[in-house]
Structures are given as C-alpha cells and as structure tokens.
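Student: Numbering (the working numbering), first residue to last: 2 to 199.
Take this structure first; my questions come after.
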Ligand code: GAR
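This is the structure we're talking about:
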C-alpha cells in the first residue's frame with residue numbers, strides 16, 4: 002500500500018468521471034505526491050450508477066456513494082456527504098461533473114479547498130445546458146472554466162479557462178465533446194497550480 006499523502010484530494014462525480022480520470026492520471030504522471038505531497042485518495046458520488054466509480058475502484062481508490070434521494074433535504078444530504086469526505090481530511094475537494102447544488106454550509110466548510118469545473122466560458126452560461134445555450138445564442142466560441150466554489154452557483158475566482166470554436170453544424174453533443182477534451186487539460190493544470198502555490 003502506498004503511504005497516505007499529506008495533502009489528500011477527494012473528487013466528487015455524478016457521471017462518467019472523465020475529468021476525474023484525467024485528474025488521477027495527471028496526478029500520477031506529474032508526480033503530485035513527490036512534488037506537492039498530494040494525491041487523490043477517494044472518489045464519491047451521489048449516484049451508485051456513476052460509471053466513474055468502477056474506474057476509481059479499479060485504480061485502488063476509496064469510493065463512497067451518498068445517494069441524495071435517501072436524504073430528506075439538501076442540508077441532510079450535504080451533512081452525510083461531508084461526513085464521508087471528512088474521513089479523508091482533504092486538502093482539496095474537486096467537483097468533477099458533480100451535479101448537485103451545494104448548501105452554503107457545505108461551501109463554507111470547505112472554503113478555500115473547493116474547486117469546480119463548469120462547461121462554459123463563465124460568466125456566460127452558468128447553470129445547465131450550457132452548450133445548447135451557447136449554440137442558440139449564436140456564440141462563435143465556447144469553453145470551460147475551472148473556478149473556486151462560492152455559495153453563488155458557478156461563481157468564484159477563475160483559475161483557468163479554455164476556449165474552443167463553435168463550428169457550423171455543431172450540436173450540443175459535438176460541442177460538448179470538443180469542450181470536454183479541453184477540460185481534461187485545464188483541470189489538472191489548474192489544480193497543479195493551486196498545489197504549487199499553497
Ligand atoms: C463536464 O463537462 C463538466 O464540466 C460538467 O459535467 C461534465 C462531466 O463530465 N459539469 C457540470 O455541468 C457542472 N455543473 P465527466 O463526468 O466525464 O467529467
């Protein structure tokens with residue numbers, strides 16, 4: 002068993018977890034352990050069927066599921082999630098396609114340690130259906146933003162952004178794929194920069 006990192010990282014996902022995999026792979030390739038004392042230790046999801054969980058398990062990472070449907074309200078869900086996360090005493094909590102709105106209490110608890118990736122060029126298109134809205138608005142460019150999390154949805158200091166063109170004939174799916182390939186580059190880079198600063 003490798004030694005536990007001094008600066009544990011917990012990743013939260015709801016779906017395929019491709020950003021999570023990009024972060025885990027970058028952390029190994031770029032030796033975050035040796036350079037920053039940091040490493041991904043656990044992946045958690047609000048959905049038991051999140052495809053990324055199986056990948057995380059195969060990598061030997063701890064996993065946990067906290068099902069939002071089994072909690073009476075957001076506060077109860079967030080409290081249960083915090084309890085699971087805090088087992089690992091994380092230096093960073095990374096939201097990677099985690100599709101739940103977090104309570105102010107949760108955000109305060111992880112203040113300065115909580116980072117998200119959002120599939121638009123913020124401040125344009127916070128919220129959902131970002132690619133469809135960018136195409137419908139006639140935008141020529143779309144992208145993604147890595148940002149610190151505050152209690153205001155999709156706000157907080159921007160740590161990195163990537164821009165891609167919107168091409169004639171793009172659908173939300175073709176655009177999402179183009180943006181996602183950039184997300185996989187900027188999220189690990191942004192986290193590495195945060196680790197290098199602290
Ligand atoms: C990514 O595009 C991410 O930016 C987006 O969900 C996708 C998750 O893909 N996040 C949000 O929309 C957050 N509101 P992944 O599970 O393959 O990383």
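Even for Gly, the Cβ is constructed at its ideal location relative to N, Cα and C.
1. Look at residue 89 and residue 119 and say whether their C-beta atoms are less than 8 Å apart.
2. Below 8 Å between beta carbons: does that hold for residue 47 and residue 25?
3. Do residue 10 and residue 92 have their C-beta atoms closer together than 8 Å?
4. With residue 34 as the anchor, note down where its alpha helix (DSSP H) starts and where it stops.
5. For the beta strand (DSSP E) that contains residue 94, what are its first and last residues?
6. Please report the straight-line C-alpha distance between residue 178 and residue 78, rounded to a whole angstrom.
7. For residue 160, which of helix, strand or coil comes out of DSSP?
8. Assign residue 185 to one of three DSSP states: helix, strand, or coil.
9. Let me check one thing: in DSSP terms, what residues is residue 9 bridge-paired to?
10. Strictly by DSSP, which residues pair up with residue 54?
11. By DSSP, does residue 105 sit in helix, in strand, or in coil?
12. Going by other Cβ atoms of all chains shown within 10 Å of its Cβ, with 16 needed for buried, is residue 164 buried or exposed?
13. Ordered along the chain, which non-local residues of its own chain (more than five positions away) have a Cβ less than 7 Å from that of residue 99?
14. Residue 148 by DSSP, collapsed to three states: which one?
15. Looking at chain B, is there any beta carbon in it that lies within less than 8 Å of the beta carbon of residue 149?
Tutor: Taking the definition as stated:
1. In the chain shown, residue 89 corresponds to position 88, counting from 1. In the chain shown, residue 119 corresponds to position 118, counting from 1. Not closer than 8 Å, so no.
2. Here residue 47 is taken as the residue at index 46 of the chain shown, counted from 1. Here residue 25 is taken as the residue at index 24 of the chain shown, counted from 1. Going by C-beta atoms, residue 47 is not nearer than 8 Å to residue 25.
3. For this step, residue 10 is matched to residue 9 along the chain shown. For this step, residue 92 is matched to residue 91 along the chain shown. Their beta carbons are under 8 Å apart, which means residue 10 touches residue 92 by this criterion.
4. Along the chain shown, one-based indexing puts residue 34 at 33. Secondary structure note for residue 34: its alpha helix (DSSP H) is the uninterrupted segment 33–37.
5. Mapped onto the chain shown, residue 94 falls at position 93. Looking at the DSSP string, the run of the beta strand (DSSP E) that includes residue 94 is 93–96.
6. In the chain shown, counting from the first residue as 1, residue 178 sits at position 177. In the chain shown, counting from the first residue as 1, residue 78 sits at position 77. Each residue's alpha carbon lies about 31 Å from the other.
7. What you label residue 160 is simply residue 159 of the chain shown in a count that begins at 1. Strand, per DSSP.
8. Along the chain shown, one-based indexing puts residue 185 at 184. Residue state, collapsed to three classes: helix.
9. Counting from one through the chain shown, the residue named residue 9 turns up at place 8. In the DSSP assignment, residue 9 forms a beta bridge with 40.
10. On the chain shown, position 53 is the one that residue 54 refers to. DSSP, once it has assigned bridges, lists no residue as partnering residue 54.
11. Start at 1 with the first residue of the chain shown, and residue 105 comes out as number 104. Helix at residue 105.
12. By one-based count along the chain shown, residue 164 stands at place 163. Looking at its Cβ environment, which holds fewer than 16 other Cβ atoms inside 10 Å, residue 164 is exposed.
13. Numbered from its first residue, the chain shown carries residue 99 at position 98. Closer than 7 Å at Cβ, skipping near neighbours: 13, 14 and 15.
14. As a working note, residue 148 is residue 147 in the chain shown. Here residue 148 sits in strand by DSSP.
15. Reference to chain B is not applicable here, since this structure consists of a single protein chain.
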